[in-house]
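Okay, structure first, notes after.
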Amino acid sequence: MTGKTSENFNKNYLNYVKTQDPPTQHFKNCAAAFGVGGLICCIGQFIRYMLQYAGLSGDELAGATSIVLIFLGCFLTGLGVYDRIGRYAGAGSIVPITGFANSVTSPAIEFKTEGWIYGMAAKMFTVAGAIIVFGVFSGVLVGLIYLFV
Amino acid sequence: MKKGNTIFFENAPCITSFAAICGSKEKEGVLGSFADITLEDDMYEESTFEKAECKMLSTVVSLAMQKGGYTEKDMDVLISGDLLNQIISASFAARDFEFPFLGVYSACSTMSESILLGAALVNAGYIRRAVAATGSHFASAERQYRYPLELGCTRPPQAQWTVTGAGGCVITDEKSGIKVVNGTLGKVCDFGVTDVNNMGAAMAPAAADTIMQHFKDTGTEPSDYDMILTGDLGALGSRILKDLTWEKGYDISENHVDCGEIVYKVIEKEFQGGSGAGCSATVLNSYIFSKMQAGLYKRILFAATGALLSTVSSGQGESIPCISHAVQLEV
């Protein structure tokens with residue numbers, strides 16, 4: 754079959770496949786993401802209080818809190834725990850800063866076998882690269898809006 | 021002799037010995053008690069997963085020869101392939117052997133293709149013995165096709181789990197063992213599925229096409245077989261396959277079995293079941309062949325399916341062309 758016939762035929766088939774697909778469990782996924790994401794934020798807040806108690810304040814406090822969370826994200830990735838959390842929690846563990854740490858650390862571990870420079874270092878940002886590009890881009894955009902409005 | 025897309029092997033080449041090796045996760049399932057070697061550690065005492073995959077392939081080839089009482093001198097050719105770019109596992113495994121190597125690739129249907137090619141060469145009398153082997157490894161396939169292992173992302177419900185394992189068999193002109201009666205050459209089918217997580221739906225039309233072509237060419241019915249075995253369609257793909265064949269008047273729901281569906285004990289994190297070249301290779305070369313030798317199954321149609329995509333093609337939004345080759349096995 755070629756041209757129009759095959760197009761219609763494929764469309765029918767894809768519609769049929771859709772009826773057979775196991776449904777994504779949106780509610781369960783959202784609940785898990787909410788729970789775990791919230792928990793990570795609570796841990797972050799706890800760390801913040803602790804550091805504040807230790808005498809930090811302002812930008813130093815925010816920076817130190819992020820550093821501790823990033824370390825925890827990398828550490829749990831290295832232990833092979835973070836991907837298990839991620840499989841269960843989805844967006845809940847991807848969105849916080851620990852998820853970003855995971856997305857940098859995991860390719861670094863994975864591609865270490867291809868060498869330190871062309872493997873680990875070069876491929877470290879295969880996943881996080883997109884986050885950085887769009888993060889910087891949206892930062893510039895918001896900055897411009899802020900400047901003119 | 022050829023009729024339609026099916027070639028008939030008048031001299032009936034025989035599979036005289038076979039071997040399979042499987043990973044730690046697969047061990048929990050049906051393969052555990054049938055595979056020759058089960059791995060405790062998926063690294064298989066190597067430094068990388070790719071090396072482990074290569075070692076598994078090399079080991080099954082030696083083991084299959086050893087079990088049949090053959091030496092390297094008895095072998096005429098190794099026909100093998102795998103899922104990695106430039107089929108490195110198969111080619112690197114072939115370094116270990118002193119006989120010729122033919123590299124083949126048709127993704128997860130590599131096992132049926134290599135049996136078919138081996139049987140054709142033996143049947144024609146060009147060679148006396150061939151080894152057909154394939155394998156795959158979860159970790160190396162994940163790295164090539166998806167994300168790093170440790171990345172915390174969710175798997176969609178249509179996803180399958182690449183089997184860690186390898187299987188191989190020796191096809192000879194001797195008249196004992198499991199006969200390869202005929203083989204149906206598959207053609208590439210593409211029904212426009214673009215979702216790389218839904219391989220079952222992409223591959224089911226190819227399996228349906230080849231299986232129905234086989235029935236037509238051989239004049240057989242689904243009920244003539246003890247088992248119609250597909251490779252790694254998974255639960256969803258199997259349902260679609262049954263629907264597609266039923267539409268055309270062939271009811272295979274009674275005796276259809278999918279390797280991917282039976283390979284894992286608990287279908288939970290692997291959702292639709294197993295996949296990968298090693299999926300059909302390990303199940304066929306351990307469980308199925310053992311049962312055939314024991315006389316439980318007399319006649320099997322083995323039609324493994326393969327999705328012929330790459331990360332480049334799917335990145336560029338191409339749909340997934342699929343293929344399925346079938347061989348009829350009898351004792």
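So the sequence lines, in the order shown, correspond to chains R and A.
Heads up, the first sequence is in the working numbering, so the first residue is 754 and it goes up one at a time.
Heads up, the second sequence is in the working numbering, so the first residue is 21 and it goes up one at a time.
No residue lacks a Cβ here, since even glycine has one placed at the ideal position from N, Cα and C.
_Tell me the DSSP secondary structure of Ser100/A in three-state form._
Residue numbering aside, residue 100/A sits at position 80 when the second sequence is read from its first letter. Note: Ser100/A maps to strand in three-state DSSP.
*Does DSSP put Gly756/R in a helix, a strand or coil?*
Here residue 756/R refers to the residue found at position 3 of the first sequence. The predicted model places Gly756/R with a pLDDT of 49, which falls under 50 and marks its position as unreliable; any figure quoted below should be read in that light. In the structure shown, Gly756/R falls within a helical segment according to DSSP collapsed to helix, strand and coil.
*In the stretch 853–876 of chain R, which residues sit with their C-beta less than 8 angstroms from some C-beta in chain A, listed in chain order?*
Asn855, Ser856, Thr858, Ser859, Pro860, Ile862, Glu863, Phe864 and Thr866
*Rank Glu73/A, Gly220/A, Arg149/A and Gly188/A by C-alpha distance to the C-alpha of Phe119/A and give the top, closest one.*
Taking the first residue of the second sequence as 1, we reach residue 119/A at position 99. Minimum Cα distance to Phe119/A is reached at Arg149/A.
*Looking at the unbroken alpha helix (DSSP H) that takes in His779/R, where does it start and where does it end?*
On the first sequence, position 26 is the one that residue 779/R refers to. Its alpha helix (DSSP H) spans residues His779 to Tyr806.
*Straight-line CA distance for Gly756/R to Asn763/R?*
As a first step, residue 756/R is located in the first sequence; it is residue number 3 there, counting from the start. As a first step, residue 763/R is located in the first sequence; it is residue number 10 there, counting from the start. Unreliable placement is indicated for Gly756/R, whose pLDDT of 49 sits below 50; no coordinate value is reported for it.
*In the stretch 261–336 of chain A, which residue ranges form an unbroken alpha helix (DSSP H) of at least 4 residues, counting only runs that do not cross its ends?*
Listed in chain order, they are 279–283, 297–303, 309–313 and 331–335.
*When the cut-off is 8 angstroms and only beta carbons count, does Gly52/A lie next to chain R?*
In the second sequence, the residue the question calls residue 52/A occupies position 32. By this cut-off, Gly52/A is not an interface position.
*What did DSSP end up calling Ile885/R once you bin it into helix, strand or coil?*
Position 132 of the first sequence, counted from the first residue, corresponds to residue 885/R. If DSSP states are grouped into helix, strand and coil, Ile885/R belongs with the helices.
*Rounded to whole angstroms, what's the CA-CA distance from Cys827/R to Thr858/R? Just pull it up for me.*
Here residue 827/R refers to the residue found at position 74 when the first sequence is read from its first residue. Here residue 858/R refers to the residue found at position 105 when the first sequence is read from its first residue. Approximately 6 angstroms, taken between the alpha carbons.
*Is the beta carbon of Gly203/A less than 8 angstroms from the beta carbon of Ala323/A?*
The residue labelled residue 203/A in the question sits at position 183 within the second sequence. The residue labelled residue 323/A in the question sits at position 303 within the second sequence. No, the pair does not count as a contact, with Cβ atoms beyond the cut-off.
*asked:* For a cutoff of 8 angstroms on Cβ pairs, would you count Gln106/A as touching chain R?
replied: For the purposes of this step, residue 106/A is identified with residue 86 of the second sequence, where counting begins at 1. Cβ-Cβ to chain R under 8 angstroms: no for Gln106/A.
_CA-to-CA distance, Phe158/A to Ala817/R, given in whole angstroms_ = Within the first sequence, residue 817/R is the residue found at index 64, counting from 1. Within the second sequence, residue 158/A is the residue found at index 138, counting from 1. Between Ala817/R and Phe158/A, the alpha-carbon positions lie close to 38 angstroms from each other.
*Residue environment, Pro776/R, which counts as buried when at least 16 other CB atoms sit within 10 Å*: Indexing the first sequence from 1 puts residue 776/R at position 23. Counting Cβ neighbours within 10 Å, Pro776/R comes out exposed, since fewer than 16 surround it.
*Mind checking Trp181/A: buried by the 16 CB within 10 Å criterion, or exposed?*
Your numbering for residue 181/A matches position 161 in the second sequence. Counting Cβ neighbours within 10 Å, Trp181/A comes out buried, since at least 16 surround it.
*Local Cβ density within 10 Å of Cys783/R, reported as buried at 16 or more and exposed below that*: In the first sequence, the residue the question calls residue 783/R occupies position 30. So Cys783/R counts as exposed.
*asked:* Considering only the alpha carbon of each residue, which of Asp244/A, Gly220/A and Thr26/A lies closest to Glu274/A?
replied: In the second sequence, residue 274/A corresponds to position 254, counting from 1. Ranking the options by Cα distance to Glu274/A, first place goes to Asp244/A.
*Taking 8 angstroms as the cut-off, decide whether the C-beta atoms of Asp252/A and Ser300/A are in contact.*
The residue given as residue 252/A occupies position 232 in the second sequence. The residue given as residue 300/A occupies position 280 in the second sequence. Contact flag set, yes.
*From the DSSP output, which residues share a beta bridge with Gly123/A?*
Translated into the one-based positions of the second sequence, residue 123/A becomes position 103. Checking the DSSP bridge columns, you'll see Gly123/A partnered with Ser100/A.
_Any chain R beta carbon closer than 8 angstroms to Ala153/A_ = Here residue 153/A is taken as the residue at index 133 of the second sequence, counted from 1. Cβ-Cβ to chain R under 8 angstroms: no for Ala153/A.
*Just the Cα atoms here: how many angstroms apart are Arg115/A and Asp102/A?*
Locating residue 115/A in the second sequence gives position 95, counting from the first residue. Locating residue 102/A in the second sequence gives position 82, counting from the first residue. Roughly 15 angstroms between the two C-alpha positions.
_Presumed contact (8 angstroms Cβ cut-off) between Cys74/A and Gly296/A, rounded CB distance_ = Sequence index remark: in the second sequence, residue 74/A carries index 54 (1-based). Sequence index remark: in the second sequence, residue 296/A carries index 276 (1-based). With 8 angstroms as the limit, Cys74/A and Gly296/A do not qualify as a contact, their Cβ atoms being about 15 angstroms apart.
*Use the C-beta contact count for Ala815/R: other C-beta atoms within 10 angstroms, 16 or more gives buried, fewer gives exposed.*
Position 62 of the first sequence, counting from 1, holds the residue named residue 815/R. Classification for Ala815/R: exposed.
*Using a threshold of 7 angstroms, is the CB atom of Thr26/A nearer than that to any non-hydrogen atom of the ligand ATP?*
What this structure holds is no ligand at all, so the ligand ATP is not there to describe.
*Neighbouring residues, chain R, relative to Met227/A (Cβ below 7 angstroms)*: Sequence index remark: in the second sequence, residue 227/A carries index 207 (1-based). A quick correction: the sequence has Ala, not Met, at residue 227/A. Per Cβ cutoff of 7 angstroms: no residues; Ala227/A is ~14 angstroms from chain R at best.
_Using the three-state DSSP reduction, which class does Arg149/A fall into: helix, strand or coil?_
The residue labelled residue 149/A in the question sits at position 129 within the second sequence. Here Arg149/A sits in strand by DSSP.
*Measure the beta-carbon distance from Ala152/A to Ile191/A and round it to whole angstroms, keeping in mind my assumption that it falls under 8 angstroms.*
Position 132 of the second sequence, counting from 1, holds the residue named residue 152/A. Position 171 of the second sequence, counting from 1, holds the residue named residue 191/A. Right, the Cβ-Cβ distance comes to about 6 angstroms (below 8 angstroms), so this counts as a contact.
_Residue-chain proximity (Ile796/R, chain A), Cβ-Cβ < 8 angstroms_ = Taking the first residue of the first sequence as 1, we reach residue 796/R at position 43. It does not; no Cβ of chain A falls within 8 angstroms.
*asked:* Determine whether the beta carbon atoms of Pro242/A and Asp271/A lie at a separation below 8 angstroms.
replied: Numbered from its first residue, the second sequence carries residue 242/A at position 222. Numbered from its first residue, the second sequence carries residue 271/A at position 251. For Pro242/A and Asp271/A, yes; Cβs fall inside 8 angstroms.
*Does the Cβ-Cβ distance between Gly293/A and Glu281/A come in under 8 angstroms?*
Start at 1 with the first residue of the second sequence, and residue 293/A comes out as number 273. Start at 1 with the first residue of the second sequence, and residue 281/A comes out as number 261. Contact: yes.
_For Ile99/A and Val81/A, believed in contact at Cβ under 8 angstroms, the rounded distance_ = On the second sequence, position 61 is the one that residue 81/A refers to. On the second sequence, position 79 is the one that residue 99/A refers to. So it is not a contact: roughly 10 angstroms between Cβ atoms.
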